[in-house]
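Peer 1: I have a structure I would like to understand better, so I am pasting it below and will then ask my questions one at a time.
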Ligand code: NAD
Ligand code: USQ
């Protein structure tokens, strides 16, 4: 299969590109490197040093003999997207290329507008390139479990059967997300659903939970092949952060009561899920939705698990939640579609957490302590870091 990975320089895009390449697919990666730019803006950096995308591709060729094509450009540039899709002629497009941090989208108005413009316009350009050039291309789009929010009923995979005034229908599952970032994913989902109906596109929306881990079978082959590992209060995700905080001797920063429940998965399962979705494409005209996570935990359970596993002292700290989210809530989400197609999950085991401690210890001197705590509060419309109103 010819597979184009959009966002191929990112935390998940790069390991996915290597995994698919190793599995025998012809892979191209595309990126505009804006994720590296956010690091400059925030004064943060990946804990693990990362090579340039050009160097990664060169080392991949040296180590495995496998070639990857590279497209450098911005998905919000419609001509770039059209040219790339027309030239590479993919069977599948894996779309990771979005601004993916909820806190970044809540910094202030400018960051909310940027996030929604980047994500929604980029995805629309991908939709149009597929519709015009080859509607047979399967779009595998990364969505988010956070699109659903935390309703007081079970979360189904994309659709809900509803009976109303004696009539029944199967309708898109209601979405109540908790940030302008998560809302951008909801807008994408609606746009893709409409494009499937209107242009006959085939698409899979992967509502992914929070990913943890830093190594895959491919990233460990050479230091140049490592993927990024974020720990800062804006881009670092919760379990990765807790592991880093434990090693540093920083309190494990649980927001609120830590009773928020979330779906999580190992980075090695992310790449496998993409393979499964790509090799089992949606039908023409079908907007298929998979909930992509393997286990559910409360945030406090995750912190306690990390504290228990870390061989040294680790202290769990509860602090006021800077986000607008339910502090205590019902949570049960269905995730059978990927399991039915053959996913065998890596469950969160002490071994994985311990292996993360090893990587973190190696690079802990690179940490900037000033960016560990989050500076973003959901309820403020302006961020003191970005305005002169201190
Ligand atoms: P990331 O920020 O590390 O990677 C995204 C990549 O896309 C970056 O390299 C960035 O430069 C690129 N990009 C962004 N906008 C672009 C544009 N307009 N044109 C070209 N390239 C652009 O993020 P990630 O953690 O790898 O996440 C990838 C995707 O998976 C995102 O869509 C995210 O929403 C989704 N996701 C991530 C997680 C997680 O825990 N990391 C969980 C669920 C869903
Ligand atoms: N949290 C803490 N302490 C921290 C960091 C986070 O208690 O130090 C809490 C947050 O309040 C939240 C939960 O942990 O309740 C998850 O936060 P997160 O930053 O790990 O994840 P989130 O903002 O939801 O976003 C991440 C990715 C995003 C993806 C999403 C999947 O950045 O791209 O879409 O996970 S999901 O959560 O399923 O929507």
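In full-length UniProt numbering, the protein residues as written are 1 to 390. Using N, Cα and C, we set each Cβ at its ideal position, and we do this for glycine too.
Report yes if the CB atom of residue 211 is closer than 8 Å to the CB atom of residue 123, and no otherwise.
Peer 2: As a working note, residue 211 is residue 211 in the chain shown. As a working note, residue 123 is residue 123 in the chain shown. Going by C-beta atoms, residue 211 is not nearer than 8 Å to residue 123.
Peer 1: Within a Cβ cutoff of 7 Å, which residues of the same chain sit near residue 322, ignoring the five residues on either side of it in sequence?
Peer 2: Looking up residue 322 in the chain shown gives position 322. For residue 322, where only same-chain residues beyond five positions count, the Cβ hits under 7 Å are 255, 374, 376, 377 and 378.
Peer 1: Could you tell me which residues DSSP pairs with residue 380 in its beta bridges?
Peer 2: Mapped onto the chain shown, residue 380 falls at position 380. Residue 380 is not bridged to any residue.
Peer 1: Alpha carbons only, please: which of 17, 36, 20 and 23 is nearest the one belonging to residue 228?
Peer 2: The residue given as residue 228 occupies position 228 in the chain shown. Of 17, 36, 20 and 23, the residue nearest in Cα terms is 36.
Peer 1: Hey, how far is the Cα of residue 133 from the Cα of residue 358?
Peer 2: Mapped onto the chain shown, residue 133 falls at position 133. Mapped onto the chain shown, residue 358 falls at position 358. Spanning the two alpha carbons is a distance of roughly 47 Å.
Peer 1: Does the Cβ of residue 148 have 16 or more other Cβ atoms within 10 Å, making it buried, or fewer, making it exposed?
Peer 2: Locating residue 148 in the chain shown gives position 148, where the first residue counts as 1. Looking at its Cβ environment, which holds 16 or more other Cβ atoms inside 10 Å, residue 148 is buried.
Peer 1: Enumerate in chain order the residues of its own chain whose CB-to-CB distance from residue 219 is below 6 Å, with the five nearest sequence positions on each side excluded.
Peer 2: To locate residue 219, count along the chain shown from 1; it is residue 219. 15, 225, 226 and 227, listed in sequence order.
Peer 1: Under the criterion of a Cβ to heavy atom distance below 7 Å, does residue 144 qualify as lining ligand 1?
Peer 2: Taking the chain shown and counting its residues from 1, the one referred to as residue 144 is at position 144. Yes, the beta carbon of residue 144 sits closer than 7 Å to at least one heavy atom of ligand 1.
Peer 1: For the stretch 184 to 235, which segments carrying the beta strand (DSSP E) assignment without a break, of at least 3 residues, lie completely within its bounds, in sequence order?
Peer 2: Counting only runs of 3 or more, we get 202 to 208 and 210 to 212.
Peer 1: Look at the Cβ atom of residue 317, then the Cβ atom of residue 247, and state whether they are nearer than 8 Å.
Peer 2: Taking the chain shown and counting its residues from 1, the one referred to as residue 317 is at position 317. Taking the chain shown and counting its residues from 1, the one referred to as residue 247 is at position 247. Taking 8 Å as the Cβ cut-off, residue 317 and residue 247 do not qualify as a contacting pair.
Peer 1: Return the Cβ separation of residue 372 and residue 190 in integer angstroms, given the expectation that the two are a contact with Cβ distance under 8 Å.
Peer 2: The count along the chain shown starts at 1 and reaches residue 372 at position 372. The count along the chain shown starts at 1 and reaches residue 190 at position 190. No, residue 372 and residue 190 are not in contact; Cβ-Cβ is about 36 Å, not under 8 Å.
Peer 1: Determine the contact status of residue 23 and residue 275, defining contact as a CB-CB distance below 8 Å.
Peer 2: Taking the chain shown and counting its residues from 1, the one referred to as residue 23 is at position 23. Taking the chain shown and counting its residues from 1, the one referred to as residue 275 is at position 275. Yes, the pair counts as a contact, with Cβ atoms nearer than the cut-off.
Peer 1: Which two residues bound the contiguous alpha helix (DSSP H) that contains residue 116?
Peer 2: Counting from 1 along the chain shown, the entry for residue 116 is found at position 116. First-last of the alpha helix (DSSP H) with residue 116: 109 to 116.
Peer 1: In the DSSP assignment, find the unbroken alpha helix (DSSP H) run with residue 292 in it and report its ends.
Peer 2: In the chain shown, residue 292 corresponds to position 292, counting from 1. Run containing residue 292: none in the alpha helix (DSSP H); it sits in the beta strand (DSSP E), 287 to 292.
Peer 1: Give me the Cα-Cα distance between residue 214 and residue 292, rounded to the nearest whole angstrom.
Peer 2: Taking the chain shown and counting its residues from 1, the one referred to as residue 214 is at position 214. Taking the chain shown and counting its residues from 1, the one referred to as residue 292 is at position 292. Rounded to whole angstroms, residue 214 to residue 292 spans 18 Å at the Cα level.
Peer 1: Under the criterion of a Cβ to heavy atom distance below 7 Å, does residue 260 qualify as lining ligand 2?
Peer 2: By 1-based counting over the chain shown, the position of residue 260 is 260. It does: the Cβ of residue 260 is within 7 Å (strictly closer) of some heavy atom of ligand 2.
Peer 1: Quick one: measure Cβ to Cβ for residue 201 and residue 139, integer angstroms, because I've assumed they're closer than 8 Å.
Peer 2: Translated into the one-based positions of the chain shown, residue 201 becomes position 201. Translated into the one-based positions of the chain shown, residue 139 becomes position 139. The pair is a contact, with the Cβ atoms about 6 Å apart (cut-off 8 Å).
Peer 1: Sorry if obvious, but does the Cβ on residue 97 come closer than 7 Å to a heavy atom of ligand 1?
Peer 2: The residue labelled residue 97 in the question sits at position 97 within the chain shown. Because some heavy atom of ligand 1 lies under 7 Å away, the Cβ of residue 97 counts as near it: yes.
Peer 1: By Cβ distance, which residues of its chain are closer than 7 Å to residue 334, with the 5 residues on each side in sequence left out?
Peer 2: Sequence index remark: in the chain shown, residue 334 carries index 334 (1-based). These residues qualify, in order along the chain: 154, 155, 156, 157 and 291.
Peer 1: What is the residue span of the beta strand (DSSP E) that residue 92 lies within?
Peer 2: As a position in the chain shown, residue 92 is number 92, starting the count at 1. Residues 92 to 95.
Peer 1: Name the one or two DSSP bridge partners that residue 131 has.
Peer 2: The residue given as residue 131 occupies position 131 in the chain shown. Partner(s): none; residue 131 has no beta bridge.
Peer 1: Mind checking residue 118: buried by the 16 CB within 10 Å criterion, or exposed?
Peer 2: Numbered from 1 along the chain shown, position 118 holds the residue referred to as residue 118. With 16 or more Cβ atoms within 10 Å of its Cβ, residue 118 is classed as buried.
Peer 1: Can you give me the C-alpha to C-alpha distance between residue 108 and residue 63, rounded to a whole angstrom?
Peer 2: Taking the first residue of the chain shown as position 1, residue 108 is located at position 108. Taking the first residue of the chain shown as position 1, residue 63 is located at position 63. Each residue's Cα considered, the two are about 44 Å apart.
Peer 1: How many Å lie between residue 264 and residue 236 at the Cα?
Peer 2: Reading the chain shown from its first residue, position 264 is the one you call residue 264. Reading the chain shown from its first residue, position 236 is the one you call residue 236. The straight-line gap from Cα to Cα measures roughly 14 Å.
Peer 1: Mark residue 162 as exposed unless 16 or more other C-beta atoms lie within 10 angstroms of its C-beta, in which case mark it buried.
Peer 2: Residue numbering aside, residue 162 sits at position 162 when the chain shown is read from its first letter. When all chains shown are included, residue 162 counts as exposed.
Peer 1: Between the beta-carbon of residue 75 and the beta-carbon of residue 125, is there less than 8 Å?
Peer 2: Translated into the one-based positions of the chain shown, residue 75 becomes position 75. Translated into the one-based positions of the chain shown, residue 125 becomes position 125. Against a cut-off of 8 Å, the Cβ pair of residue 125 and residue 75 comes out as a contact.
Peer 1: Taking the CB atoms as reference points, tell me whether residue 307 and residue 252 lie closer together than 8 Å.
Peer 2: Residue 307 sits at position 307 when you count from the first residue of the chain shown. Residue 252 sits at position 252 when you count from the first residue of the chain shown. A contact, by the Cβ cut-off of 8 Å.
Peer 1: Please list, in chain order, all residues of the same chain as residue 197 whose beta carbon is under 8 Å from its beta carbon, the five residues on each side excluded.
Peer 2: By 1-based counting over the chain shown, the position of residue 197 is 197. Cβ neighbours of residue 197 beyond the five flanking positions: 285 and 287.
Peer 1: Is the beta carbon of residue 241 within less than 7 Å of some heavy atom of ligand 1?
Peer 2: Here residue 241 refers to the residue found at position 241 when the chain shown is read from its first residue. Checking the Cβ of residue 241 against ligand 1 gives no.
Peer 1: Does the beta-carbon distance from residue 266 to residue 346 come in below 8 Å?
Peer 2: Your numbering for residue 266 matches position 266 in the chain shown. Your numbering for residue 346 matches position 346 in the chain shown. Contact flag set, yes.
Peer 1: Reducing DSSP to helix, strand and coil, say where residue 153 ends up.
Peer 2: The count along the chain shown starts at 1 and reaches residue 153 at position 153. The answer is coil: DSSP assigns residue 153 none of H, G, I, E or B.
Peer 1: Using C-beta distances below 6 Å, list every residue in its chain close to residue 363, excluding the 5 sequence neighbours before and after it, in chain order.
Peer 2: Position 363 of the chain shown, counted from the first residue, corresponds to residue 363. These residues qualify, in order along the chain: 47 and 48.
Peer 1: Note the first and the last residue of the continuous alpha helix (DSSP H) segment covering residue 24.
Peer 2: On the chain shown, residue 24 is found 24 positions in, with the first residue counted as 1. Residue 24 -> no alpha helix (DSSP H), and no H or E assigned at all.
Peer 1: Is the Cβ-Cβ distance between residue 42 and residue 232 less than 8 Å?
Peer 2: Here residue 42 is taken as the residue at index 42 of the chain shown, counted from 1. Here residue 232 is taken as the residue at index 232 of the chain shown, counted from 1. Contact flag set, yes.
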